[in-house]
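Worksheet for the structure shown next.
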Amino acid sequence: MRIAILLAFSLAARAQLSLTVCQANPPVTVGSTYNLGNVAAGTMQNVSFCAENAGNTAVTISLPPAVSGAGFSLVSVNGGTPYIVAPSNFLEFTVGFYVPPASAALGTYSASLVITEQTGASISVVLLATLVAGPTLTPLSPCTLGANNSIGFGTLQNGSLHLCNVLVANQSTQALTISNISASGGFETASLPALPLTLSPGGPGISFAVEITPACGTGAVSGTLTFAGAGVSFSYTLGAQGADPPLPAATLSFSGSAASGEQDSVSMSLASAAVCAAKGNVNLAFTPAHGIPVSDDASIAFLAGSLRTLPFSVTAGSSTVLINGQTSAMFQTGTTAGTITFSVNGTPLESSPPLAIPIPPAPISIETATASNQITGQLDVEVIGFDNTYSAGPMSFTFADSNGNQIGSVISADFTSTFGSYFSTQTAGSAFLIRISFPVTGNQTDVATVAVTLSNSAGPAQTGTLTFQ
Amino acid sequence: MKTIFLLTSGWIWGQSVNQPQMGVMVDSGANARAVFGVSASVTLGDPILGGVISSACSDWCIYKTASAVVVAGQPVAAPAGAAIFAIDGSTAAMYFIAVKQLALWQNGQLTLADVPVDGDVVGLRSSAGMIEFAIRRRESTWVVNAQGAIVDFIPGASGPVMLLANGILYVDGDDVVLRRPDATEVRFAAPGAQWFSALGANYVQIRANGFSYGLRVDAGHERIFELPEPAP
């Protein structure tokens, strides 16, 4: 046994400070010696001390606490020089003991710890630690061995099992008995050999696994791997960074007729079940066809909320995606030719190709058409419809009597300018109501019917025969 | 006298193009909103009136709030609760469900009247001043006139009934049925349909399971579509 005792009990003035182990419960007052106990070779043992000022005046410490002795070191001091310790306050600092396995000479180590007040008074303590044989631990890829006995798992996908194979050997000169191996913090041990066991010096060692299945939503996670032996335990810090995995490839599906003036639905499915629950957005965008003189059509939207973005959600273990709480989302195709595109964002996905639905140009769609002779001296025709090409204008009118005989020739007119003026003011599609009045003299009830043809760039559309009433 | 037509393109007196308004719906927030566009492609206007319990529109609208009937923005005190409306030209008959009270709206005045028939009134029709009632008695639904004479029977009807000018709209299971005077039917799936209101001429708003549907009811053009809800 090697003991080095620094004789520091000089006849210096009595120190105002006293030394305790910080946050010890029950409180531990440090006397002339302090024993860190058994420390396994290759493991770091830290202890935090508090230099407490029980006096009525502040104490100034000009230099950091001095730690001198093999294996011991000053790890940290809470503050900067000069340290001024107010009455009823304290200075906290940490001393560590660490001996690398390769250079480990087992036995008792000692060091001196000296805290000197500005007045010259000082506290001197002999620190003791007994270095015992410890396991040499080697984690296999993808895990890594870090500083201060830490094992890093790296970034892990939440919801899945991850394991780290660990080799444990005894590189000391003494046999090492291990009676228990345990893990905490969500980590678990697996494939453990029968315990207790004894690792012979330089022997082949053992192997086992440390596992973790981070729960969905987990971020940084830490734990401890502990080997308990005869009167000593050896701990390793386990660390990982959890991250939810991306959703499996998503497919957007469309159900409907891909034409203007319709209500269709879009749904979303995953190629496989989601490991973790996730939320995101399904977005609808619209691009008018080439030559359409508007930039958008506000009537193209999801019916829920008249919105172009709806939230989606998927539960863990499911491949069914709910859009706004439903298995599909209804939307209006509007009254403008172009392309409606659905896309997904808001959460990582393995892939999510957008879904583009072309809405082709079409002849004018007629919702209602009526003819009225209720105003003396005129015949009125009213048509409600939409023109998804925004090119309406040419119209023709064929009047007939009650026997179906055509009256006069077909009347043609071009309302392109009228429609154009109207469309230029619209942001919610091409729906229109057009009223045309014709002057007539004589008995206007002799005019029984009219058939109207409306044309746009996609072709003509007929109202059918309208009866004046 | 020989009819002389001035039917040439040069003699077209006038033409105008405007945005079509289908009517007025009541949204899930009890706001009356104009519905613009055509079937299955509509947009909503800003709220016209809040706190609307019941409404009906043709070329004008009448609304029921908690304690008033409102026409053209002018409220008139009325019995509490929902109402069933039947617009008839510039007048409207109405039935206040909670108090089982009949009333007539005419020239800005509300005149109360007794209900001349027995049973629960579930629908109303008024044509040229003649009122007919859809009456539910012991789970059977009948159409009777103001004299109590049975005009029609609606087998299988449950829930609301709307007596249209050219048919009857009612609920049968998960379907909304549009039955014409010749007894032909068109059925529309609308599970949970619980309320009808006249959205506009030839359009009915159906409320069902938290959704609103528009139903075009003119013969030969029947079509159901979902009505959008405004952004929250």
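Just so you know, the protein sequences line up as chains A and B, in that order.
Counting from 11, one number per residue, gives the positions in the first sequence under my numbering.
Counting from 9, one number per residue, gives the positions in the second sequence under my numbering.
Where is the CB? At the ideal position from N, CA and C, for every residue including glycine.
Every value quoted in this text rests on a predicted model; they were computed, and no experiment measured them.
*What in chain A is Cβ-close to Ser98/B, meaning under 9 Å?*
Those do not exist, as Ser98/B stays about 16 Å from chain A at its closest Cβ, beyond 9 Å.
*Where are the beta strand (DSSP E) runs, 3 residues long or more, that stay fully inside the stretch 104-178 of chain A, in chain order?*
List check, beta strand (DSSP E) in window: 117-126, 132-142, 146-149, 154-156, 160-167.
_Selection of the stretch 441-464 of chain A by Cβ proximity to chain B, strictly under 8 Å_ = Listed by position, the residues of the stretch 441-464 of chain A near chain B (Cβ gap below 8 Å) are Ala441, Phe442, Leu443, Ile444, Arg445, Ile446, Ser447, Phe448, Pro449, Val450, Thr451, Gly452, Asn453, Gln454, Asp456, Val457.
*Per DSSP, which one or two residues make a beta bridge with Trp203/B?*
Bridge partners of Trp203/B: Arg215/B.
*Neighbouring residues, chain A, relative to Val50/B (Cβ below 8 Å)*: In chain order: Ser309, Gln342.
*Chain-ordered chain A contacts of Glu3/B [CB-CB under 9 Å]*: Nothing about residue 3/B can be reported from this structure: the residues present for chain B run from 9 to 240 only.
*Given that Glu272/A touches chain B, what residues does it touch there, using C-beta distances under 7 Å?*
Ordered by position in chain B, the residues that pass the 7 Å Cβ test against Glu272/A are Ala48.
*Uninterrupted alpha helix (DSSP H) stretches inside the stretch 60-102 of chain A (no shorter than 4 residues)*: Fully enclosed alpha helix (DSSP H) runs of 4 or longer: not present.
_Measuring only the C-alpha atoms, how far is Gly403/A from Tyr432/A?_
Straight through space, the alpha carbons of Tyr432/A and Gly403/A are spaced by roughly 11 Å.
*Mind pulling the chain B residues with CB within less than 9 Å of Thr234/A?*
Within 9 Å Cβ-Cβ: nothing; Thr234/A doesn't reach chain B, min ~48 Å.
*Span separating the alpha-carbon of Ser434/A from that of Asp35/B*: One C-alpha to the other measures close to 29 Å.
*Scan the stretch 392-416 of chain A for residues whose Cβ lies nearer than 8 Å to a Cβ of chain B and list them as they occur along the chain.*
Cβ contacts with chain B come from Ile394, Gly395, Phe396, Phe407, Phe409.
*Do Gly395/A and Ser422/A have their C-beta atoms within less than 7 Å of each other?*
No; because the gap between Cβ atoms is not below 7 Å, this pair is not in contact.
*asked:* Taking the alpha carbon of Leu320/A as the reference point, which residue from Ser328/A, Leu313/A, Asn334/A has its own alpha carbon closest?
replied: Closest option to Leu320/A, Cα to Cα, is Asn334/A.
*asked:* At the 7 Å Cβ level, is Phe100/A part of the contact set with chain B, yes or no?
replied: Judged by the 7 Å Cβ criterion, Phe100/A is not in contact with chain B.
_At the level of alpha carbons, what is the spacing between Ala201/B and Ile232/B?_
Their backbone Cα atoms lie some 13 Å apart in a straight line.
*In the structure shown, what three-state DSSP assignment does Asp226/B receive?*
Coil, per DSSP.
*Please list, in chain order, all residues of the same chain as Phe219/B whose beta carbon is under 7 Å from its beta carbon, the five residues on each side excluded.*
The beta carbon of Phe219/B sits closer than 7 Å to the beta carbons of Glu234 from its chain, once the five residues preceding and following it are set aside; these are given in chain order.
*With distances taken between CB atoms, is the gap from Phe218/A to Val176/A smaller than 7 Å?*
Yes, these two residues count as a Cβ contact at 7 Å.
*Output the boundary residues of the beta strand (DSSP E) element that contains Thr187/A.*
Segment 186-193, the beta strand (DSSP E) holding Thr187/A.
*Name the chain A residues that come within less than 7 Å of Gln23/B, Cβ to Cβ?*
The answer, in chain order, is Phe425, Thr428, Ile444, Arg445, Ile446.
*Okay, do the stretch 364-374 of chain A and the stretch 265-273 of chain A touch, 3+ Cβ pairs below 8 Å being the bar?*
Yes, they touch.
*Taking buried to mean at least 16 other C-beta atoms within 10 Å of its own C-beta, is Phe307/A buried or exposed?*
According to the sequence provided, residue 307/A is Asp. The question's Phe does not apply to it. Counting the other CB atoms within 10 Å of its CB gives Asp307/A a total of 16 or more, which places it among the buried residues.
*Taking the alpha carbon of Leu332/A as the point to measure from, which residue in Leu280/A, Pro373/A, Ser98/A, Ile302/A has its own alpha carbon closest?*
Of the listed residues, the one whose Cα sits closest to Leu332/A is Leu280/A.
*Tell whether a beta-carbon distance below 7 Å holds between Phe3/A and Ile350/A.*
As displayed, chain A neither begins before 11 nor continues past 479, which places residue 3/A out of reach and without an answer.
*Rounded straight-line distance, which links the Cα of Ile95/B to that of Arg144/B*: Cα-Cα distance, rounded: 21 Å.
*Any idea which residues DSSP pairs Lys289/A with across the strands?*
Beta-bridge partners assigned by DSSP to Lys289/A: Ser323/A.
*Report buried or exposed for Ala339/A, applying the criterion of at least 16 other Cβ atoms within 10 angstroms of its Cβ.*
Buried, by the Cβ-count rule.
_Measuring alpha carbon to alpha carbon, tell me which residue in Ala111/B, Val78/B, Ile61/B, Val77/B is nearest Arg133/B._
Considering only alpha carbons, the answer is Ala111/B.
*Residues bridged to Asn45/A (per DSSP)*: Beta-bridge partners of Asn45/A (DSSP): Leu138/A.
*When the cut-off is 7 Å and only beta carbons count, does Thr345/A lie next to chain B?*
Yes, Thr345/A lies at the interface with chain B (some Cβ there is under 7 Å from its Cβ).
_What residue range does the beta strand (DSSP E) around Ser427/A cover?_
Ser427/A -> not in any beta strand (DSSP E); alpha helix (DSSP H) instead, spanning 426-433.
*Excluding five sequence neighbours on each side, which residues of the same chain lie with their C-beta closer than 7 Å to the C-beta of Gly228/B?*
So no residue of the chain qualifies.
*Taking the alpha carbon of Ser361/A as the point to measure from, which residue in Thr399/A, Thr261/A, Ser412/A, Asn398/A has its own alpha carbon closest?*
The candidate whose alpha carbon is nearest that of Ser361/A is Thr261/A.
*Counted within 10 angstroms of its Cβ, other Cβ atoms place Asp67/B as buried (16 or more) or exposed*: It is exposed - the Cβ of Asp67/B has fewer than 16 other Cβ atoms within 10 Å.
_Proximity winner among Asp456/A, Gln472/A, Val457/A, relative to Thr463/A (alpha-carbon distances)_ = Proximity to Thr463/A across Asp456/A, Gln472/A, Val457/A peaks at Gln472/A, based on C-alpha coordinates.
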